[in-house]
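Have a look at the structure below before the remarks.
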Amino acid sequence: MRLKNYSFKLFRMQLSEQELLRRQKCQELRALGIDPFPAELFPLTHHSETAKRTFEKQEDKPEVAPLTVALAGRLMSFRIQGSASFAEIQDEQGRIQLYFRRDDLCPGEDKTFYNTVFKKLLDIGDIIGVNGYLFRTQLGEITLHVTSFKLLTKALRPLPIVKEAKDEAGNTITYDAFSDAETRYRQRYVDLIVNPQVREVFRKRTRLVNVMRRYLDALGYLEVETPILQPLYGGAAARPFKTHHNTLDMTLYLRIANELYLKRLIVGGYDGVYEFSKDFRNEGMSRFHNPEFTQIELYVAYKDYDWMMNLVEEMVEQIALELHGQTTVRVGENDINFARPWKRLTMFEAIAHYTGIDISAMDENELRKTAEKLGVETDASMGKGKLIDEIFGLHCERKLIQPTFITDYPVEMSPLAKKHRSKAGLVERFEAICNGKEICNAFSELNDPIDQRERFESQVELGMRGDEEAMTLDEDFLRALEYGMPPTAGLGIGIDRLSMIMTNQQSIQDVLFFPQMRPEKKAQIASVTDFKALGVAEMYVPIIQKLGLLTIEDFKKATPSKLHNDLCGMRKKMKLEAVPNPTREEVENWLRG
Numbered sequence: 000m001r002l003k004n005y006s007f008k009l010f011r012m013q014l015s016e017q018e019l020l021r022r023q024k025c026q027e028l029r030a031l032g033i034d035p036f037p038a039e040l041f042p043l044t045h046h047s048e049t050a051k052r053t054f055e056k057q058e059d060k061p062e063v064a065p066l067t068v069a070l071a072g073r074l075m076s077f078r079i080q081g082s083a084s085f086a087e088i089q090d091e092q093g094r095i096q097l098y099f100r101r102d103d104l105c106p107g108e109d110k111t112f113y114n115t116v117f118k119k120l121l122d123i124g125d126i127i128g129v130n131g132y133l134f135r136t137q138l139g140e141i142t143l144h145v146t147s148f149k150l151l152t153k154a155l156r157p158l159p160i161v162k163e164a165k166d167e168a169g170n171t172i173t174y175d176a177f178s179d180a181e182t183r184y185r186q187r188y189v190d191l192i193v194n195p196q197v198r199e200v201f202r203k204r205t206r207l208v209n210v211m212r213r214y215l216d217a218l219g220y221l222e223v224e225t226p227i228l229q230p231l232y233g234g235a236a237a238r239p240f241k242t243h244h245n246t247l248d249m250t251l252y253l254r255i256a257n258e259l260y261l262k263r264l265i266v267g268g269y270d271g272v273y274e275f276s277k278d279f280r281n282e283g284m285s286r287f288h289n290p291e292f293t294q295i296e297l298y299v300a301y302k303d304y305d306w307m308m309n310l311v312e313e314m315v316e317q318i319a320l321e322l323h324g325q326t327t328v329r330v331g332e333n334d335i336n337f338a339r340p341w342k343r344l345t346m347f348e349a350i351a352h353y354t355g356i357d358i359s360a361m362d363e364n365e366l367r368k369t370a371e372k373l374g375v376e377t378d379a380s381m382g383k384g385k386l387i388d389e390i391f392g393l394h395c396e397r398k399l400i401q402p403t404f405i406t407d408y409p410v411e412m413s414p415l416a417k418k419h420r421s422k423a424g425l426v427e428r429f430e431a432i433c434n435g436k437e438i439c440n441a442f443s444e445l446n447d448p449i450d451q452r453e454r455f456e457s458q459v460e461l462g463m464r465g466d467e468e469a470m471t472l473d474e475d476f477l478r479a480l481e482y483g484m485p486p487t488a489g490l491g492i493g494i495d496r497l498s499m500i501m502t503n504q505q506s507i508q509d510v511l512f513f514p515q516m517r518p519e520k521k522a523q524i525a526s527v528t529d530f531k532a533l534g535v536a537e538m539y540v541p542i543i544q545k546l547g548l549l550t551i552e553d554f555k556k557a558t559p560s561k562l563h564n565d566l567c568g569m570r571k572k573m574k575l576e577a578v579p580n581p582t583r584e585e586v587e588n589w590l591r592g
């Protein structure tokens, strides 16, 4: 019990004055018989924008009664004006102005609900439900005349409120914007409240996925689900996350791709299957990589990679048209045109074009020397495929801005792709590159179980050389291939990367609601002993804590004169007559210590 009381006391010490005030308001509301967190349903009739549109359609028809609505949302502004006030609430669709009159809310003699509850106990950030009718103000703004309202949720933390002002030239200056990237990603819930444009990014992402789903469903392909926890990871070159299943006493891996399971379904007789999947790769993080990401994988029997290129062009073009009404999309400083057909280059053609070197006939030693000459960092674990991939990544990929298919990869780079029908040493594979980054990867899928086994064995050898991204040998998948998989085209598209492009975002974290972050650094609350080590007498520690100086770092940042004045003022406010005021010299010594 003592520990619980101490923890609660410590928690309250960390609260700001505004947070303490809001908790006090909760108590006052309860004393008035108002639950700040009621449980019952609040029946909505409209959202803000649909209410406005409905009003606009009928406002010129005087024979139609005023539009009465019930809305709910978060209070975002107040303008208290005596017996009448304006406010603004924000819901999922946007904002709408509210007009309150004291006599409407309190028709009797008792005006407590307006004078106390509305004017004094509500705060910006609170969620309320309102009933009333719409009208247009003299300034032309559609407004809800509130006839009744109900507090639905009391916000105990204040919102970061963005302020705007005009400079001498008439330009709008924004203050206190909630714009720090790390804080926005950690507190996405606040980001969505105060930056409405962020909500639109995620709406577009969902529309993007829906376009793809409708497109593939119309072709008759089946959406399926495959395991996330797998006894063997495969389907891509990546390092996995691993865990342990206690009951089975076995190691399991979070999937890095769903390819091998989807191909098993093609063996089983489906002509086309696809999956929107969460996949996980235990590798570096950047503005293009998150350890947890979303992709769609599609496998279609009796097709090849040329057919799949045409499908990708058509589907992505439809996405651009759905989201933007045109095929050209602005991304950063570039206008990217997704209209078909897209440019096509083989990998060797791209490397020759951007480096002036033809590497197509080089062996591993020659490739390593060329890579080093081109500024690529190499190590002993890199085989031919890895070296070629690094050369392409450093010198070609970032220069491909318009949608481009890079085709015909070396066999060493693609252990799951079918050997090229006419080009020795290559496979039938393509990647679509756009805005300097890969957005999809596709093959004519390897269905020869003997060839597949040999390539898996080559991957195992690379793993023994130290390549942590080399694939494992999956005996059950090989067994499935031995039953016979028809000629198949396969595709993987990164939903996060494509969303970045289609919503003009520069970081993958901006298209993920909750991106992976480093642990948040918590300030270490200083103890009485910590303050005493600086020479602070114990009787002053509660006063210092009341001032919000809870860490030694914050305490040390204080200026002597201000800290001295604040301590004396807070001692008086706390009515600690038995505690003498510290001298200015004492305070200076504490901060020096």
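Read in numbering that gives the first Met the number 0, the sequence shown has 228 at position 229, and its numbers run on one by one without any break.
Just so it is clear, CB atoms sit at the ideal spot from N, CA and C, and this is done for glycine as well.
Note that the structure is predicted; figures quoted are calculated from it, not measured.
Given residue i as reference, the closest of the options once Cα atoms are compared
i: His583; options: Met569, Arg570, Lys561 and Gly592; result: For clarity, residue 583 is Arg in the given sequence; the question names His instead. Closest by alpha carbon: Lys561.
i: Glu87; options: Val63, Ala168, Leu121 and Asn209; result: Leu121
i: Thr345; options: Asp509, Gly547, Lys422 and Gly124; result: Lys422
i: Leu207; options: Glu552, Gly534, Asp59 and Ile494; result: Ile494
i: Ile358; options: Asp388, Ala50, Leu74 and Lys531; result: Asp388
i: Gln294; options: Asn446, Arg135 and Asn257; result: Asn257
i: Ile350; options: Tyr304, Gly382 and Thr406; result: Thr406
i: Ala217; options: Val197, Val272 and Gln229; result: Val272
i: Lys262; options: Arg280, Leu247, Phe287 and Tyr298; result: Tyr298
i: Pro35; options: Lys418, Leu150 and Asn130; result: Leu150
i: Arg254; options: His45, Arg238 and Glu444; result: Arg238
i: Ala50; options: Met573, Phe391 and Gln92; result: Gln92
i: Leu322; options: Pro340, Tyr184, Pro402 and Leu497; result: Leu497
i: Gly657; options: Glu365, Lys60 and Arg591; result: Lying outside 0 to 592, the shown extent of the chain, residue 657 is not represented and no answer is given.
Backbone CA spacing between residue i and residue j [nearest angstrom]
i: Lys302; j: Ala479; result: 19 Å
i: Met284; j: Cys395; result: 22 Å
i: Ala236; j: Leu133; result: 59 Å
i: Arg428; j: Arg454; result: 16 Å
i: Met516; j: Phe177; result: 18 Å
i: Glu296; j: Ser276; result: 8 Å
i: Ile227; j: Asn194; result: 34 Å
i: Asp614; j: Asn564; result: Absent from the model: residue 614. The displayed extent of the chain is 0 to 592, so no value can be given.
i: Pro581; j: Lys571; result: 12 Å
i: Leu155; j: Pro37; result: 15 Å
i: Val586; j: Leu546; result: 14 Å
i: Gly267; j: Glu474; result: 17 Å
i: Met538; j: Gln23; result: 27 Å
i: Glu643; j: Gln229; result: Because the chain spans 0 through 592 in this model, residue 643 falls outside it and cannot be assessed.
i: Gln426; j: Met412; result: The sequence shown places Val at residue 426, not Gln. Going by the C-alpha atoms only, they are around 9 Å apart.
i: Asn336; j: Lys436; result: 15 Å
i: Tyr5; j: Gly462; result: Confidence in Tyr5 is poor, its pLDDT being 44 and thus under 50, which makes the residue's placement too unreliable to answer from.
i: Leu533; j: Trp589; result: 5 Å
i: Arg464; j: Pro448; result: 24 Å
i: Leu477; j: Ala431; result: 28 Å
i: Phe512; j: Gln17; result: 28 Å
i: Ile265; j: Met484; result: 7 Å
i: Phe7; j: Leu14; result: Residue confidence for Phe7 is low, a pLDDT of 48 falling below 50, so the modelled location carries little weight; the figure read from the coordinates is stated next. If I take the Cα positions, the gap works out to 11 Å.
i: Glu444; j: Gly424; result: 16 Å
i: Leu2; j: Ile524; result: Note that Leu2 scores a pLDDT of 46, beneath 50, so its modelled location is shaky and nothing firm can be said.
i: Cys433; j: Glu222; result: 26 Å
i: Leu191; j: Arg204; result: 15 Å
First and last residue of the uninterrupted beta strand (DSSP E) at residue i
i: Glu437; result: Lys436 to Ser443
i: Leu599; result: Because the chain is modelled from 0 through 592, residue 599 falls outside the range shown and cannot be assessed.
i: Leu253; result: Met249 to Leu253
i: Lys277; result: Gly271 to Phe279
Range covered by the alpha helix (DSSP H) that runs through residue i
i: His563; result: Pro559 to Lys572
i: Gln544; result: Val540 to Lys545
i: Glu181; result: Ala180 to Arg185
i: Arg100; result: Careful: Arg100 lies outside any alpha helix (DSSP H), inside the beta strand (DSSP E) at Arg94 to Arg100.
i: His288; result: It is not in any alpha helix (DSSP H) - His288 carries neither H nor E in the DSSP assignment.
DSSP beta-bridge partners of residue i
i: Gly72; result: Ile127
i: Gln458; result: None; Gln458 has no bridge partner.
i: Pro409; result: Leu425
i: Phe77; result: Ala86
i: Ser498; result: DSSP lists no partner for Ser498.
i: Val328; result: Ile335
i: Asn403; result: Looking at the sequence shown, residue 403 is not Asn but Thr. Answer by DSSP bridge pairing, in chain order: Lys342 and Ile432.
i: Arg135; result: Ile141
i: Gly489; result: Tyr298 and Phe442
Does the pairing of the stretch 488 to 504 with the stretch 430 to 446 give three or more beta-carbon distances under 8 Å?
Yes: the two stretches touch, three or more of their Cβ pairs being nearer than 8 Å.
For the stretch 93 to 103 against the stretch 72 to 83, do three or more pairs of beta-carbon atoms, one drawn from each stretch, fall closer than 8 Å, so that the two count as touching?
With the cut-off at 8 Å, the stretch 93 to 103 and the stretch 72 to 83 touch.
Would you call the stretch 305 to 313 in contact with the stretch 321 to 336, where contact means no fewer than 3 C-beta pairs closer than 8 Å?
By the Cβ test, the stretch 305 to 313 is not in contact with the stretch 321 to 336, since fewer than three Cβ pairs between them sit closer than 8 Å.
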